[in-house]
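So in the working numbering, the last one in the sequence shown is 165, and the numbering has no gaps at all.
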Amino acid sequence: MLTFKETTDVRSQVYQDALQIRTAVFVQEQQVDPSEEIVDEEGPVYFVGYIDETAVVTARAFEERPGVWHIQRVAVKKQYRHQQLGSQLMEYMEQSARQQQIQTLTLGAQDQAQAFYLKLGYHVHGDGFLDAGIKHHQMNKSLL
């Protein structure tokens, strides 16, 4: 069973677990330079999903402007993919956002992950862009 923890404390174990997943997925698998991946760490809320005591999925969010959460760094450990863990994490984050009166979720989705976000009710907004050398599009979801 997947359980969730969240933190804003970059000294916490939850943050360290998030960082470990991000390093494995973005730095090692996708070859993103750590100086582009490990940035702006102070401030966001870090969400981590655990199976037993193993951290398997993560993302972070911050209030970009009043009522709008910007979601970033959504990642699932390779051996745990295709088990709906990313979807469960996004649903958990959406519930958390609603509790805090957040009305809109926005994110920069890697183009290869667009179908995942479309299934969750996100919509592509605007032109594509490169982030860390990877094609992305902004995607938004209204919680109203």
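Yeah, the Cβ is synthetic: ideal placement off N, Cα and C, and Gly gets one too. Bear in mind that the values here come from a model prediction, so they are computed numbers and not experimental data.
In the structure shown, residue 32 falls within a coil segment according to DSSP collapsed to helix, strand and coil.
Exposure of residue 22 is indicated by the presence of fewer than 16 other C-beta atoms within 10 angstroms of its C-beta.
For residue 119, the three-state secondary structure derived from DSSP is helix. In this structure, residue 47 sits away from residue 63, with a CB-CB distance that is not shorter than 8 Å. Note on residue 38: 16 or more other CB atoms within 10 angstroms of its CB, so buried under the neighbour-count rule. For residue 57, the enclosing alpha helix (DSSP H) stretches over residues 55 to 58. Taken through DSSP and simplified to helix, strand or coil, residue 22 comes out as coil. Counting along the chain, residue 68 sits inside the beta strand (DSSP E) bounded by residues 66 to 72. Between the C-alpha atoms of residue 66 and residue 145 there is a straight-line separation of about 24 Å. Residue 61 carries a coil assignment under DSSP once its states are collapsed to helix, strand and coil. The three-state reading of DSSP puts residue 156 in strand, counting E and B together. Take the alpha-carbon of residue 123 and the one of residue 53: they are about 30 Å apart. Around the C-beta of residue 139, fewer than 16 other C-beta atoms lie within 10 Å, and the residue is accordingly described as exposed. Rounded to the nearest whole angstrom, the CA to CA distance from residue 27 to residue 115 is 13 Å.
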